[in-house]
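Colleague: Position one of the sequence shown corresponds to residue -5 (my numbering), numbered consecutively onward. Cβ coordinates follow ideal geometry from the N, Cα and C atoms, glycine included. The structure displayed is predicted, hence computed values, not measured ones. Below you will find the structure I want to go over with you.
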Amino acid sequence: MQVIGTAGHVDHGKSTLVRRLTGIDPDRFEEEKRRGLTIDLGFAWVQLPSGLEAGVVDVPGHEKFVRNMLAGAGGITVCLFVVAANEGWMPQSAEHLAILDVLGVSRGVVALTKADAVDEETVAIATEEVEERLSATSLAGSTVVPCSATTGEGIPELLAALDDAVSSAPVPPDTGSPRLWVDRVFTIAGAGTVVTGTLMRGSLRAGDEIEIAPEGRRARVRAIQSHKKELSEIGPGNRVALNLAGLARQGAERGDAVVRPGKWRATRRADVKLRVLAQDVTGHDVALTEKGAHLLYAGSAETPVRLKLLGTSKVRPGEDAFAQLRLPAPLPLVPGDRFVIRDAGRVLTLGGGEVLDPLAPDARRSDEARLSLMQELASGDAGSRLAALVRAYGGLDADDALFRSGARAPGDGVVRLGSWIVSEERKAELIASVLAAVEEHHRARSLERGMPREALKQSIPLPPEAFDALLDGTGEIVQEGALVRAVAHRVSFAPEQDAARKKVLEEIEAAGFTPPLAKDLSGDRSLLRALVDGGDLVAVGDFYLTRGQAETAKRRVVEAISGGTGLTVAEIRDLLGTTRKYAVPLCEWLDATGVTRRRGDVRVLGPRAG
């Protein structure tokens, strides 16, 4: 479904026209009816000739209530622009058009109202003027329909034109992350708090848990209503009233957003592309600088904002620039969100733009790398924005990267490493760094079976989960417990190392089962580790046995126990011709390897005795 929003100068007949089209009076307040002036947003809906139904948001036209107009303009997809034929183009016509232009509203119909009060020539002149005014904006080419809400003249043609505009508008996407900017909050006796707005970006169901952003208050959707109909579920692009359980009336206000918990990040800083209006509503050129007091309008929110211009100190009328928005309180923004900037002191619209990066780091005006990145963000789709962000930062947390780009999953040019996303080039660089570090370790410590995994992790700039995923996907690296090695790496002995190896083995072998303690052996520590890793030596307590000695000890003990009920430490000592100093650690080693197990004071055969 689509939402039609009115726009136009005060007293040009917007609300009267809505009543004629819909049969619903959008003016809710007694003051509005008494003054004949729309003050706040009004809501209705219309059945179009094709059978399509569209919501209608009626906005105030008076300059004093532009802030209320902006609260409603953020959720519209089709504009019903109203210009009175007897008055023609007026200052608020210009400001409303400028607002719609910077918000990117590109589907619209112009109702040339009060056509019954003027002659055909005046209607023709007014039509030509409107078409000229629209020609350089997003509403260029919109159909202009002369009509009268009083006599009904042109109303069928106006409905047909609206039907065409609504039918041709893009279907609002469902990204799975619903957001409803709240434009009205009220209570119903016995039901509780109700919030209204235009639902975008996702669906909601009765019973869903929701969050009021940015405060984070939780509530549950008790009931859903749209156009006076009770619904169990509703999709994006609809005007919606949500009855919320567990939320006091003070728990939400205009400018808040209803979102699904865990799906949104409220931000105080966003990189944007700005456009300054060629002229303000008085026809004067107004440049935009960082000085002065500015107001930001996004969705239904109004908030003060500080502007940090990038690459320039001034944006002249009609020019574009990149900037950073700095907010006093966070807002739930995403890439592609449109906004309006107004001058708070002079109370006029300066321009607006589009959010490029909603979680931007602090920026400096002369940051050329940031400007280059923003150029890419402004010109690409979600996939290319993701690739540009990842390239710029080398790698990003996956959830942050997807949120900042608006992408739903990694695409071309990027890969996921656990909870991290990196570019394909960066992954190749990381793999090269891993191989270089491991190879260097092999060269420096050729007798070691591999490099400690933790030492390698410290040298690679990745979060732990991403590091694990990198190693798992690297076919040139073998992981062996706490060590990693290159696939082709094997421990090899230089001639002098081989001589030392033979000497150590002979020294231990010659001593039988009373070998020298490890600290007394002639070989260095790296050589002994290599001999253990290679299986030439077996560590037993604080001494070593050769592989042959270890097998002999196992065989003798198993044969002796098989012929009786078990052996004591003393009996094993005598069996191996050693001392208690060696027998105790030998027995513990036999237990640890499963050859024996202890039963009281004796050793019996263990599960691996065979």
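In terms of DSSP beta bridges, what is F180 paired with?
Modeller: Looking at the DSSP assignment, F180 forms a beta bridge with V188.
Colleague: For G256 and chain C, any beta-carbon pair shorter than 9 angstroms?
Modeller: Any reference to chain C falls outside this structure, which holds one protein chain only.
Colleague: Which residue from V596, Q452, F507 puts its Cα closest to that of Y538?
Modeller: Of the listed residues, the one whose Cα sits closest to Y538 is F507.
Colleague: Determine the direct distance from the alpha carbon of T261 to that of L236, and round the result to whole angstroms.
Modeller: Distance between the alpha carbons of L236 and T261 is about 25 angstroms.
Colleague: One question on the structure: do W605 and S171 come within less than 9 angstroms of each other, judged by their Cβ atoms?
Modeller: Residue 605 is absent from the model: the chain starts at -5 and stops at 604.
Colleague: Would you call the region 139 to 153 in contact with the region 166 to 183, where contact means no fewer than 3 C-beta pairs closer than 8 angstroms?
Modeller: Contact fails: fewer than three Cβ-Cβ distances are below 8 angstroms.
Colleague: So for S129, helix, strand or coil by DSSP?
Modeller: Coil, per DSSP.
Colleague: With burial defined as no fewer than 16 other Cβ atoms inside 10 Å of the residue's Cβ, what is the status of A586: buried or exposed?
Modeller: Answer is exposed; the Cβ neighbour count stays below 16.
Colleague: Let me check one thing: in DSSP terms, what residues is Y538 bridge-paired to?
Modeller: The partner list for Y538 (beta bridge, DSSP) reads A533.
Colleague: Label T181 either buried or exposed according to how many other C-beta atoms from any shown protein chain fall within 10 Å of its C-beta, with 16 as the threshold for buried.
Modeller: Classification of T181: exposed, given that the 10 Å Cβ count is below 16.
Colleague: From which residue to which residue does the beta strand (DSSP E) around E296 run?
Modeller: Where E296 is concerned, the enclosing beta strand (DSSP E) stretches over 295 to 304.
Colleague: Quick one: measure Cβ to Cβ for F316 and L327, integer angstroms, because I've assumed they're closer than 8 angstroms.
Modeller: F316 to L327, Cβ: 16 angstroms. No contact.
Colleague: Where do the N-terminal and C-terminal ends of the beta strand (DSSP E) with V589 fall, by residue?
Modeller: No beta strand (DSSP E) holds V589; DSSP gives it neither H nor E.
Colleague: Which residue marks the beginning of the alpha helix (DSSP H) containing A449, and which one marks its end?
Modeller: Its alpha helix (DSSP H) spans residues 447 to 453.
Colleague: Between which two residues does the alpha helix (DSSP H) harbouring Q491 extend?
Modeller: Q491 -> alpha helix (DSSP H) spans 489 to 504.
Colleague: Taking contact to mean 3 or more Cβ pairs, one atom from each stretch, closer than 8 angstroms, check whether the region 491 to 506 and the region 549 to 560 are in contact.
Modeller: No, they do not touch.
Colleague: Using DSSP with H/G/I as helix, E/B as strand and the rest coil, what is L238?
Modeller: Reduced to three states, the DSSP call for L238 is strand.
Colleague: Could you tell me how far apart the beta carbons of S373 and D391 are, in whole angstroms, since I believe they sit closer than 8 angstroms?
Modeller: Wrong, their Cβ atoms sit about 24 angstroms apart, outside the cutoff.
Colleague: Assuming R216 and A239 make a contact with CB atoms under 8 angstroms, what is their CB distance in whole Å?
Modeller: Indeed they touch by this definition, with Cβ atoms about 4 angstroms apart.
Colleague: Starting from R262, trace the alpha helix (DSSP H) in both directions and tell me its first and last residue.
Modeller: Looking at the DSSP string, R262 is not in any alpha helix (DSSP H); the run it does join, the beta strand (DSSP E), is 261 to 270.
Colleague: If contact is defined by three or more beta carbon pairs under 8 angstroms, each pair taking one atom from either stretch, is the region 77 to 86 in contact with the region 109 to 116?
Modeller: Cβ pair count under 8 angstroms is three or more, so yes.
Colleague: So, helix, strand or coil for G245, using DSSP?
Modeller: In this structure, G245 counts as helix in the three-state DSSP scheme.
Colleague: Would you tell me roughly how many angstroms separate the C-alpha atoms of P298 and I70, rounded to the nearest one?
Modeller: Whole-angstrom Cα-Cα distance: 23 angstroms.
Colleague: Please specify which runs of the alpha helix (DSSP H), each continuous and at least 4 residues long, are wholly inside the region 354 to 418, giving them in chain order.
Modeller: You should have 362 to 373, 376 to 387, 392 to 399.
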